[in-house]
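Student: One structure follows; several queries about it will come next.
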Amino acid sequence: MTQCLTLAGCLSILLAGPVLAENLNFDDGSWKTIGVPGEDETEFEVKPDGSLRVISETSVAFRYKEIESAGETLSWRWRVDAMGPPSDPMQIGADDRPIAVHLWFPEQEDQRSLFGGLAELFGYPEVGNALTYTWGGSAEQPRTMPNPHLTAGQGALITLQTATSPIKQWTQETIDFRKDFRDAFGKEAPQPSHIAISGDSDDLGGYREGRIADLRFAND
0 MTQCLTLAGC LSILLAGPVL AENLNFDDGS WKTIGVPGED ETEFEVKPDG SLRVISETSV
60 AFRYKEIESA GETLSWRWRV DAMGPPSDPM QIGADDRPIA VHLWFPEQED QRSLFGGLAE
120 LFGYPEVGNA LTYTWGGSAE QPRTMPNPHL TAGQGALITL QTATSPIKQW TQETIDFRKD
180 FRDAFGKEAP QPSHIAISGD SDDLGGYREG RIADLRFAND
């Protein structure tokens, strides 16, 4: 490190702290896949530019990793290149989406893992609450909705882009996940334990394709 020229300069460096909490690289070997028994798995492909391509064709899966540290915000770029048939995020059996970003939070004493007995049987993460940021659905739907697949108060769907959003071009997102957690569940967010990417077309069929890049936590 270069020599500090003034005491004030040294103090400003010490007090400022790092801006970035964690950059999440898709090719670092730490990501794992969770499939759904009886269903084909969505394909996850790391491209030469470091982005993650998500291809679902009558398939479903999550690509996830453990989080070591998280800042105040989470940001990424994403795009959809094939939207697939119209879907409804609130209707079980018709809620396919080309891409989604999930934040999983640890179990609290009064909660049961979102993965139920599979968490212990197969070593899946023990997750108490989940925020799911989606691309898909109708523009008329509210931004935040309860996740119909989860017990009331455990999961929330947050629509960032809808089925009518422009495709085949990159879109930047920055989210305050701690605020989203408070708004969804009425309590302060613990440190998230895992992050996941998914894409699925197991309900309605068809071909869906998305891509995500520059996934990172930051202290703003």
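The sequence shown begins at 0 in numbering that gives the first Met the number 0 and counts up by one. Each residue gets a CB set at the ideal place from its N, CA and C atoms; glycine is no exception.
Does DSSP classify D179 as helix, strand or coil?
Tutor: It is helical.
Student: I54: beta carbon under 7 Å from a heavy atom of the ligand FMN?
Tutor: You won't find the ligand FMN in this model; it holds no ligand whatsoever.
Student: Can you tell me whether R142 is buried or exposed, with buried defined as 16 or more other CB within 10 angstroms of its CB?
Tutor: Result: exposed.
Student: Once DSSP output is grouped into helix, strand and coil, what is the label at F43?
Tutor: In this structure, F43 counts as strand in the three-state DSSP scheme.
Student: Give me, in chain order, the residues of the same chain whose beta-carbon lies closer than 7 Å to that of V45; leave out the 5 immediate sequence neighbours on both sides.
Tutor: Closer than 7 Å at Cβ, skipping near neighbours: F25, D26 and L51.
Student: Pull the bridge partners of N22 from the DSSP assignment, please.
Tutor: R215, per the DSSP bridge assignment.
Student: Roughly how many angstroms separate the alpha carbons of R62 and I194, rounded to a whole number?
Tutor: If you take the alpha carbons of R62 and I194, they lie about 8 Å apart.
Student: Grab me the residues of V79's own chain with a C-beta within less than 6 Å of its C-beta, minus the 5 sequence neighbours each way, in chain order.
Tutor: Hits under 6 Å: P97, W134, I166 and G209.
Student: Return the bridge partner residues of R76 from the DSSP annotation.
Tutor: In DSSP, R76 forms a bridge with Q171 and A212.
Student: Look at the alpha carbon of Q160 and the alpha carbon of G152, and state the distance between them as a whole number of angstroms.
Tutor: C-alpha separation (whole angstroms): 23 Å.
Student: Would you tell me roughly how many angstroms separate the C-alpha atoms of D175 and S200, rounded to the nearest one?
Tutor: Cα to Cα, D175 sits roughly 28 Å from S200.
Student: Bridge partners of I91, per DSSP?
Tutor: According to DSSP, which records beta bridges pairwise, I91 is partnered with nothing at all.
Student: What first and last residue would you give for the beta strand (DSSP E) that runs through N146?
Tutor: Counting along the chain, N146 falls outside any beta strand (DSSP E), and DSSP gives it neither H nor E.
Student: T150: which of G83, N128 and Q190 sits nearest, CA to CA?
Tutor: Out of G83, N128 and Q190, N128 has the C-alpha closest to the C-alpha of T150.
Student: Can the beta-carbon of G136 be found less than 8 Å from the beta-carbon of P88?
Tutor: It is a contact, given that the beta carbons lie within the stated cut-off.
Student: Among the residues of its own chain, which have a CB less than 6 Å from the CB of A212, if the five just before and after it don't count?
Tutor: Within the same chain, A212 has close Cβ partners S50 and R76.
Student: For T72, which residues of its own chain have a beta-carbon under 6 Å away from its beta-carbon, when the five flanking residues on both sides are left out?
Tutor: Same-chain partners within the cutoff: T173, D175, A217 and D219.
Student: Taking the straight line between their C-alpha atoms, what separation do you get for P204 and M82?
Tutor: What sits at residue 204 in the sequence shown is Gly, not Pro. Distance between the alpha carbons of G204 and M82 is about 12 Å.
Student: Could you give the residue range of the beta strand (DSSP E) that holds V126?
Tutor: From DSSP, the beta strand (DSSP E) with V126 extends over V126 to W134.
Student: Between the Cα of S164 and the Cα atoms of R181, R177 and E139, which residue gives the shortest distance?
Tutor: Among R181, R177 and E139, the Cα nearest to that of S164 is on E139.
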